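S.K.:
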Amino acid sequence: MYKFRQIHPNNTGINNYTHTEILEQRTDLQASFTSYLNVASAIPNTIFLISNAFLSKRISQRTRMIGSQSLIMILFIMTTVFVKINTDEWQKLFLVITLITVAFVNALSAIFGGSLLGIAGVFSPIYITAMLGGQSLGGIFAALTEICALWIGASPVTSGLIYFAIGDIVLLFSLIAYVILEKQEFFKYHMMQNLREQQPNFSVNTEANFVDQKRVSYKQILKRIWPFGLSVFLVFSISMAVYPAITVLIESQDKGKGYAWSDIYFVPVITYLTFSCGDYLGRLLCGHLQWPKDKPSLVIFLSALRVLFIPAFMFCNAQPRHNLPVYIKNDILYIVLTIFFAIGNGYLCNISFVLTPTVVDLHEKEIASVMMGAFLGLGLTAGSSLSLFLVKML
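Residues 339 to 732 in the numbering used here are what the sequence shown spells out, letter by letter.
Here it is, written out as structure tokens:
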């Protein structure tokens, strides 16, 4: 959010800033940026996650996986270049460019993520747990990177350059890893087994032959998986309503007293690192417990119960605020809320995805997993849209 700061005569240069200016009260653009980002992410993400259910039968898996990763890498490299460009005189235009780029990245990520979910659905549930756990590990790594950048005193521009450069490298390794994965006998065996179920006239080929497939009824699959889909929708709509749009605004009770913890490290450690660790812990617990296995209504109830976190975070010390009072000022209470919020997010998300393939036939597993991705996207859109309203309510 550094590029959307208030411009003063002494900080117009790209690297000219003071520590006090970084900690000054957020501008309206900075306060709303996370919500704008959520909407720009969620809407294209949802559209393409839903489209994935149909694209999977028309565009080959290899094209979707490699094509999407390649285009995302190009957009990330472009964004990395923008880090070193002085955009102080055209902040609003840069905001538009950023949001458009984010929209394209998320559309491509939806194609990649939905396709990957479909692949994972063909394998044992432990692979779904591992795949979804990787998302949390990404959050942990990003938070640790930010904390390290703050610790060494790197400027916002240098930090941004490091973040995106790491992202570029990770994307490159991810692309290479998938190409290698395709050549593994274990991967080929399971994917071919899935194709044999779908295609009576199966032939060994990397590219799927989209003819003579077993008829897949989207309606029948939806009838079987809707409880888990609803749970995922509730989990992500509730989470995205407050995280990170509201939680990123929550400040320590001791902010402004000159303590490094409260002034510098509180948000990255508690809002991002603690949430990501709790989310990862919840996903790991799901892999071991897998409870409740045969009670989808209980999963729905537990997912809906998390709505209580929305008012709880709203009454924490989120700044700036103009309407609602602050009832939860204590840092410890906020940290406890974050831990339970994160663990519930990870556990309920994973249990829904893990149980979905168990209620459909083998040749329906890929489509069922992709459809679950669509429910996830709908939850992201609903939650991010609600977050805009909630930020204005503060």
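Every residue gets a Cβ at the ideal spot worked out from N, C-alpha and C, and that includes glycine.
Note that the structure is predicted; figures quoted are calculated from it, not measured.
Hey, quick one: how far does the alpha helix (DSSP H) through Gly596 stretch, first residue to last?
M.R.: On the sequence shown, residue 596 is found 258 positions in, with the first residue counted as 1. Careful: Gly596 lies outside any alpha helix (DSSP H) and carries neither H nor E.
S.K.: In chain order, what residues of the same chain lie with their CB nearer than 8 Å to the CB of Ala650, ignoring the 5 residues before and after it?
M.R.: As a working mapping, residue 650 is identified with position 312 in the sequence shown. Once the five neighbours on either side are set aside, the close Cβ partners of Ala650 are Ile666 and Leu675.
S.K.: Spell out the partners DSSP gives Cys486 in its beta bridges.
M.R.: Within the sequence shown, residue 486 is the residue found at index 148, counting from 1. Answer by DSSP bridge pairing: none, since Cys486 is not bridged.
S.K.: Let me know the secondary structure DSSP gives Ile449 once reduced to three states.
M.R.: Sequence index remark: in the sequence shown, residue 449 carries index 111 (1-based). Of the three classes helix, strand and coil, the one that applies to Ile449 here is helix, per DSSP.
S.K.: From the DSSP output, in three-state form, read off Ala656 for me.
M.R.: Mapped onto the sequence shown, residue 656 falls at position 318. The answer is strand: DSSP assigns Ala656 an E or B state.
S.K.: Comparing alpha-carbon positions, which option in Asp617, Ala380, Leu499 and Ala583 lies nearest Ser725?
M.R.: Position 387 of the sequence shown, counted from the first residue, corresponds to residue 725. For Ser725, the nearest C-alpha among the options comes from Ala583.
S.K.: First and last residue of the alpha helix (DSSP H) that includes Arg562?
M.R.: Taking the sequence shown and counting its residues from 1, one reaches residue 562 at position 224. Element bounds for Arg562: Tyr556 to Val580.
S.K.: Going by the CB atoms, is the gap between Ser575 and Gly721 shorter than 8 Å?
M.R.: Position 383 of the sequence shown, counted from the first residue, corresponds to residue 721. Position 237 of the sequence shown, counted from the first residue, corresponds to residue 575. It is a contact, given that the beta carbons lie within the stated cut-off.
S.K.: Can you name the residues that DSSP bridges to Ile666?
M.R.: Locating residue 666 in the sequence shown gives position 328, counting from the first residue. Bridge partners of Ile666: Cys654.
S.K.: Just to check my reading of the structure: Val698 and Ile563 have Cβ atoms closer than 8 Å, yes? What is that Cβ distance to the nearest angstrom?
M.R.: Counted from its first residue, the sequence shown places residue 698 at position 360. Counted from its first residue, the sequence shown places residue 563 at position 225. Indeed, because the Cβ distance is near 7 Å, the residues count as touching under 8 Å.
S.K.: If contacts are defined as beta-carbon pairs under 8 Å, then Gly684 and Arg621 qualify, I think. What distance do you get, rounded to the angstrom?
M.R.: By 1-based counting over the sequence shown, the position of residue 684 is 346. By 1-based counting over the sequence shown, the position of residue 621 is 283. Rounded, the Cβ-Cβ distance is 4 Å, consistent with contact.
S.K.: For my contact list, Phe566 and Pro634 are in at a C-beta cut-off of 8 Å; report their separation, rounded to the angstrom.
M.R.: Walking along the sequence shown from the start, residue 566 turns up at place 228. Walking along the sequence shown from the start, residue 634 turns up at place 296. Indeed, because the Cβ distance is near 6 Å, the residues count as touching under 8 Å.
S.K.: Can you round the beta-carbon distance between Tyr516 and Gln407 to whole angstroms, since I take them to be within the 8 Å contact cut?
M.R.: Mapped onto the sequence shown, residue 516 falls at position 178. Mapped onto the sequence shown, residue 407 falls at position 69. About 7 Å separates the two Cβ atoms, so the contact holds.
S.K.: Between the segment 416-432 and the segment 483-490, can you find at least three pairs of beta-carbon atoms closer than 8 Å?
M.R.: No, the segment 483-490 does not touch the segment 416-432.
S.K.: Can you give the beta carbon distance from Ser614 to Gly477, rounded, assuming they're within the 8 Å contact cut?
M.R.: For this step, residue 614 is matched to residue 276 along the sequence shown. For this step, residue 477 is matched to residue 139 along the sequence shown. About 3 Å; that satisfies the 8 Å criterion.
S.K.: So, Gly717 versus Phe571, is the Cβ gap smaller than 8 Å?
M.R.: One-based indexing of the sequence shown puts residue 717 at position 379. One-based indexing of the sequence shown puts residue 571 at position 233. Contact flag set, yes.
S.K.: Write down the C-beta distance between Gly625 and Ile464 rounded to the nearest angstrom, noting that I regard them as a contact closer than 8 Å.
M.R.: The residue given as residue 625 occupies position 287 in the sequence shown. The residue given as residue 464 occupies position 126 in the sequence shown. About 7 Å; that satisfies the 8 Å criterion.
S.K.: Which residues share a DSSP beta bridge with Ile588?
M.R.: Mapped onto the sequence shown, residue 588 falls at position 250. According to DSSP, which records beta bridges pairwise, Ile588 is partnered with Ala656.
S.K.: In this structure, how does DSSP classify Thr417 when only helix, strand and coil are distinguished?
M.R.: By 1-based counting over the sequence shown, the position of residue 417 is 79. Helix, per DSSP.
S.K.: So, for Ile415: in the same chain, excluding its five sequence neighbours on each side, which residues have a beta-carbon less than 7 Å away from its beta-carbon?
M.R.: Counted from its first residue, the sequence shown places residue 415 at position 77. Taken in chain order, the residues that qualify are Asp506.
S.K.: Identify, in the order they occur along the chain, each residue of the same chain with its Cβ nearer than 7 Å to the Cβ of Val708, setting aside the five sequence neighbours on each side.
M.R.: As a working note, residue 708 is residue 370 in the sequence shown. Contacts found: Asn390, Ala391, Ser394, Gly452, Leu455 and Gly456.
S.K.: Quick check on DSSP: helix, strand or coil for Leu732?
M.R.: Position 394 of the sequence shown, counted from the start, is the residue given in the question as residue 732. Leu732: coil per DSSP, three-state reduction.
S.K.: If Ile559 sits next to Thr612, beta carbons under 8 Å apart, how far is it from one beta carbon to the other, in whole angstroms?
M.R.: Position 221 of the sequence shown, counted from the first residue, corresponds to residue 559. Position 274 of the sequence shown, counted from the first residue, corresponds to residue 612. Actually they are not in contact, since the Cβ atoms of Ile559 and Thr612 sit about 37 Å apart, beyond 8 Å.
S.K.: Using a threshold of 8 Å, state whether the C-beta atoms of Leu475 and Leu714 are closer than that.
M.R.: On the sequence shown, position 137 is the one that residue 475 refers to. On the sequence shown, position 376 is the one that residue 714 refers to. Taking 8 Å as the Cβ cut-off, Leu475 and Leu714 do not qualify as a contacting pair.
S.K.: Report, in whole angstroms, the separation of the C-beta atoms of Val692 and Thr467, which I expect to be a contact under 8 Å.
M.R.: Walking along the sequence shown from the start, residue 692 turns up at place 354. Walking along the sequence shown from the start, residue 467 turns up at place 129. So it is a contact: roughly 6 Å between Cβ atoms.
S.K.: What is the rounded straight-line gap between the Cα of Asn661 and the Cα of Leu728?
M.R.: Looking up residue 661 in the sequence shown gives position 323. Looking up residue 728 in the sequence shown gives position 390. Each residue's alpha carbon lies about 11 Å from the other.
S.K.: Distance, Cα to Cα, Ile689 vs Thr436?
M.R.: The residue given as residue 689 occupies position 351 in the sequence shown. The residue given as residue 436 occupies position 98 in the sequence shown. About 34 Å.
S.K.: Taking Ser383 as the reference, give the member of Leu413, Glu589, Ile412 and Phe442 with the closest Cα.
M.R.: Taking the first residue of the sequence shown as 1, we reach residue 383 at position 45. Residue identity differs from the one stated: residue 383 is Asn in this sequence, not Ser. It is Phe442.
S.K.: Which of the three DSSP states, helix, strand or coil, is assigned to Gly491?
M.R.: Here residue 491 refers to the residue found at position 153 when the sequence shown is read from its first residue. Of the three classes helix, strand and coil, the one that applies to Gly491 here is coil, per DSSP.
S.K.: So the candidates are Cys687, Arg659 and Met469; which of them puts its Cα closest to the Cα of Leu587?
M.R.: Looking up residue 587 in the sequence shown gives position 249. The option with the nearest alpha carbon to Leu587 is Arg659.
S.K.: So which of Thr696, Cys687, Ile648 and Thr609 has the shortest CA-CA distance to Ile677?
M.R.: Taking the first residue of the sequence shown as position 1, residue 677 is located at position 339. It is Thr609 whose Cα lies nearest to the Cα of Ile677.
S.K.: Could you check whether Leu409 and Thr439 sit closer than 8 Å to each other, using their CB atoms as the reference points?
M.R.: Taking the sequence shown and counting its residues from 1, one reaches residue 439 at position 101. Taking the sequence shown and counting its residues from 1, one reaches residue 409 at position 71. The answer is no: Cβ separation not under 8 Å.
S.K.: Over what stretch of residues does the alpha helix (DSSP H) that includes Pro634 continue unbroken?
M.R.: Residue 634 sits at position 296 when you count from the first residue of the sequence shown. From DSSP, the alpha helix (DSSP H) with Pro634 extends over Pro634 to Leu643.
S.K.: Within 10 angstroms of the Cβ of Phe524, are there 16 or more other Cβ atoms? Answer buried if so, exposed if not.
M.R.: The residue you call residue 524 lines up with position 186 of the sequence shown. Classification for Phe524: exposed.
S.K.: Find the nearest neighbour of Ile602 within the set Pro494, Ser370 and Asn376, judged by alpha-carbon distance.
M.R.: Start at 1 with the first residue of the sequence shown, and residue 602 comes out as number 264. The shortest Cα separation from Ile602 among Pro494, Ser370 and Asn376 belongs to Pro494.
S.K.: Just curious, the alpha helix (DSSP H) that Arg621 is in, first and last residue?
M.R.: The sequence position of residue 621 within the sequence shown is 283, counting from 1. Here the alpha helix (DSSP H) through Arg621 covers Phe613 to Leu627.
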